[in-house]
Amino acid sequence: MDGGIAIEAENLTKTYGSFTAISDINLKVRKGEFMGLVGPNGAGKSTTLKAITGLLQPTSGTVRISGIDIKDHRHAMEHVGCVIETPEPYPGFTPAEILTYTGKMYGMDQAEIAIRSRDVLEQVKMWDWRGKTISGFSKGMRQRIVLAQALLPNPEIIILDEPTSGLDPRGMVETRKVLQNLKSKDRTLLISTHILSEVSELCGSITMIRDGRVIASGDVATLVRGSVKKGVTLLVGTVRPVSEETLSSVSGMEGVRSAEHKGDNTVVIEFDGTPDQQAEVTRAMFESGAGVLWINEKGATLESMYMEMTEEGS
Amino acid sequence: MSLRSGIGDFFNPRISGNAPPPSEKTKEPEPEREESGTWRETGYSATDEEAHRDSVYSIKSVLHQTLEVFMVQMKLFSKMKWTYILLFTALLIPIIALLAPDFIDILSTFGYSTGYSTTKIAGLLFFLPLMLGLMTSIMCGTQMPSEFKERTAYMNIPMPMSRASFFFGKYLAGFVMCLGIFMFAYSMAIATALKDYDTIFPDLITSSILLTLVGVMAYSATAYCIGCFTKKGSSIFPFALMSFIIPLIVVIICSQTDNYTLTLLPMFLGEAALGILGASMTGSAGMVILGNMDLTATWLMLLIGIAWTAGFLLLGYIRIKRREM
Ligand SMILES: Nc1ncnc2c1ncn2[C@@H]1O[C@H](COP(=O)(O)OP(=O)(O)OP(=O)(O)O)[C@@H](O)[C@H]1O
Ligand SMILES: [Mg+2]
């Protein structure tokens with residue numbers, strides 16, 4: 001990670017007549033960063049991604065990809081693979097033909113295309129279908145082909161708009177795994193999705209938009225923690241029962257509202273302090289000698305934060 | 001590191017059988033190489049390391065990319081049934097001549113002279129002006145709208161190419177395809193005529209072919225451009241416009257004003273192409289003023305046709321360039 005900026009959108013605004021689809025969107029994705037773009041239906045996620053990839057002309061604002069203005073589409077997109085708004089491969093073609101075309105567009109030679117095609121088709125589990133005509137494929141299968149297309153040129157930046165909608169559960173997990181693997185290669189990912197677990201599993205940072213505006217942006221963990229207003233509940237499972245002394249000393253720690261037994265080997269801690277204080281509490285539990293098996297935190301999830309931030313009228 | 005090629009099955013997976021033995025170059029002892037000589041059935045031999053290396057690719061020139069779009073569009077045409085139907089209509093020319101050898105006598109009642117090979121060629125190409133509109137509308141009229149309707153444009157446009165490549169590559173393919181069919185029809189007609197006559201008139205035939213060529217250019221540009229402006233894309237509208245509406249309006253204007261300058265428009269290139277061969281009548285709406293056309297103004301007609309093509313292409317290109325998705 002050299003800290004350079006992979007994708008930069010400045011003051012993006014797009015209006016359709018008098019309707020403002022997105023307004024003043026600012027987005028910065030650093031090289032190597034995985035960013036999730038979330039928000040309710042009609043929030044403007046696809047519009048943002050379309051403006052970023054040059055599919056539409058923003059009313060105002062600029063987009064730079066790897067420092068190149070998107071108006072120079074050829075060069076800005078040279079190392080970008082993307083899936084925006086359910087594209088379709090030519091139905092009369094086979095996956096092999098589609099990937100050959102894509103590869104040539106990105107400047108790959110025949111050998112590279114054949115070998116990388118094998119790789120990506122295998123990743124999306126479509127290798128056995130490489131010679132079949134796409135017109136007979138199901139929606140999910142076509143989506144896998146399109147994803148393979150985006151990954152084919154070994155792109156440095158990947159931009160995906162709801163890549164897993166329409167995939168079966170296994171397909172979703174597999175796709176996530178494919179994307180996860182890109183992390184080790186220091187790729188940059190900007191992904192819009194409605195599946196929050198996808199964001200928490202994949203992405204380090206998140207941008208939340210609503211009604212065409214960015215309402216929150218930053219590191220996922222920090223944002224989630226910052227959104228906690230009502231406090232969290234910590235469940236601690238131990239090998240042996242936690243002693244009363246430990247329990248009362250934990251109860252007295254800063255930020256702890258209560259600490260009680262729940263059954264023999266589980267302790268419930270109601271907490272509403274700072275992250276540092278919470279770290280102290282966990283440390284105390286580990287040092288209690290009861291043998292901590294697991295700790296479960298409830299109340300601070302991406303989902304709860306999402307619900308809170310997108311609530312009507314808030 | 002370079003990837004050595006074998007004869008592979010990736011590009012032709014359906015004929016996959018036993019992979020070929022390793023070629024001479026790849027015989028050096030390399031344990032990671034697969035025994036079949038290709039890297040995991042791709043047809044190219046490489047080590048795992050070579051295959052998975054983290055390469056960065058660089059796009060080729062605009063021209064190169066335009067040609068890629070062109071090739072893909074040609075491939076799309078090759079999978080369309082209309083291509084074959086239209087090619088078959090050209091094949092009908094010798095078939096008709098064979099089944100009805102005296103058809104030229106029928107045409108002579110409409111003023112065709114029977115003594116020349118060129119009039120026979122013109123007679124065989126009787127429907128050329130009408131086919132110009134029909135064929136280009138079918139091939140080029142729906143090209144662009146179907147890209148958007150079937151959402152394949154969403155796969156094409158984000159790729160690192162300029163929209164100009166996308167637009168002109170597709171147009172070029174439509175033009176070449178139509179031109180190919182017409183040239184096929186010409187060669188059929190000429191071959192059929194040569195059976196009965198010894199003399200052909202190369203100058204006249206060249207002029208006629210040139211007029212047709214520019215006609216195909218202008219008609220396909222018009223149909224293609226109209227397609228760029230429509231959502232659904234129909235081949236009927238451009239066909240009606242180019243083969244009936246414009247010719248009929250011109251016919252009315254010309255006969256009202258007794259000034260036939262408007263027949264220099266490309267929508268009369270088909271009539272001119274046959275007229276120059278000596279046809280007195282054609283199967284098209286424009287035929288009624290064939291006799292009033294100035295057939296000596298070939299170069300002017302060609303120039304106007306080229307300008308018309310350029311104008312419509314520019315219009316369509318601006319539309320696609322600005323198109324929001
Ligand atoms: N071409 C258009 N003309 C008019 N309004 C549009 C157009 N495209 C999008 N919009 C409007 O812009 C808003 C944002 O749409 P967008 O597709 O970006 O939402 P989204 O966040 O991707 O939603 P979803 O989660 O449903 O995919 C919507 O209210 C939509 O109606
Ligand atoms: Mg969307």
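Residue numbers (my numbering), protein chains in the order written: chain A, 1 to 314; chain B, 1 to 325. The beta carbon of each residue, even a glycine, is placed where N, CA and C say it ideally should be.
Query	Result
For A:Trp294, the three-state DSSP class (helix, strand or coil)	strand
Contacts around A:Leu121, its chain only, beta-carbon distance under 7 Å, and the 5 residues preceding and following it disregarded	Pro95, Trp127, Arg130, Ala148
Delimiting residues of the beta strand (DSSP E) encompassing A:Lys183	No beta strand (DSSP E) contains A:Lys183, which is instead part of the alpha helix (DSSP H) from 169–184.
Enclosing beta strand (DSSP E) for A:Glu270 [first to last residue]	266–271
Exposure label - B:Glu24; buried when at least 16 CB within 10 Å	Note that B:Glu24 scores 43 on pLDDT, short of 50, meaning its location in the model is unreliable and no value can be drawn from it.
Inter-residue spacing [alpha-carbon to alpha-carbon] between A:Pro163 and A:Gln143	8 Å
Candidates B:Met287, B:Cys225, B:Gly275, of which the one nearest B:Met144 by Cα	B:Cys225
First through last residue of the alpha helix (DSSP H) which encompasses B:Cys254	246–257
Distance cut-off 7 Å: A:Lys45 Cβ against heavy atoms of ligand 2	yes
Any non-hydrogen atom of ligand 2 closer than 7 Å to A:Asp211 Cβ	no
Which residues DSSP lists as bridging A:Cys82, in chain order	A:Ile159
Proximity test, A:Ala9 beta-carbon vs ligand 1 heavy atom, cut-off 7 Å	no
Secondary structure of A:Ala154, DSSP reduced to three states	Looking at the sequence shown, residue 154 of chain A is not Ala but Asn. DSSP places A:Asn154 in coil when its eight states are reduced to three.
Neighbourhood of B:Val216 by C-beta distance below 7 Å, restricted to the same chain and skipping five residues each side	Leu132, Thr136, Phe175, Cys178, Leu179, Phe182
A:Asn296 CB to nearest heavy atom of ligand 1 below 7 Å	no
beta-carbon A:Asp109 near ligand 2 non-hydrogen atom, thresh 7 Å	no
Within chain B, the residues that A:Lys31 reaches when beta carbons sit closer than 8 Å	Chain B residues near A:Lys31: none, gap ~14 Å exceeds 8 Å.
Check: A:Glu88 C-beta below 7 Å from any heavy atom of ligand 2	no
Spatial distance of A:Ile195 from B:Leu315 (CA atoms)	43 Å
Inter-residue Cα distance where the pair is B:Ile246 and A:Ile70	41 Å
Distance cut-off 7 Å: A:Glu198 Cβ against heavy atoms of ligand 2	no
Close Cβ partners of A:Ser200 (< 6 Å) along its chain, the five nearest in sequence each way excluded	Leu302
A:Ala21 - containing beta strand (DSSP E), residue span	19–30
Other residues of its chain near B:Cys140: CB distance less than 6 Å, five sequence neighbours each side excluded	Gly174, Ser220, Ala223, Tyr224
Proximity test, B:Glu326 beta-carbon vs ligand 2 heavy atom, cut-off 7 Å	Nothing about residue 326 of chain B can be reported from this structure: the residues present for chain B run from 1 to 325 only.
Simplified DSSP assignment, three categories, for A:Gly166	coil
CA-to-CA distance, B:Thr212 to B:Leu130, given in whole angstroms	12 Å
B:Tyr57, DSSP secondary structure in three states	coil
Interface partners of B:Trp39 on chain A, CB under 7 Å	Ile115
Residue nearest to B:Leu194 in terms of C-alpha spacing, selected from B:Phe110, B:Leu124, B:Leu107	B:Leu124
6 Å Cβ shell around A:Met351 - same chain, five flanking residues per side excluded	Examination of residue 351 of chain A is not possible in this model, given that chain A is present from 1 through 314 alone.
Through-space distance from A:Ile98 to B:Ala164, alpha-carbon basis	21 Å
Three CB pairs or more closer than 8 Å across the region 236–256 of chain B and the region 295–306 of chain B	no
B:Pro31 classed as buried or exposed, judged by whether at least 16 other C-beta atoms fall within 10 angstroms	In this prediction, B:Pro31 has a pLDDT of 43, which is less than 50 and means its spatial position is unreliable; nothing more can be read from the coordinates.
Closest residue to A:Gln277 among A:Leu152, A:Glu260, A:Gly252 (Cα-Cα distance)	A:Gly252
Bridge partners - A:Gly36, DSSP secondary structure assignment	A:Ile191, A:Ile206
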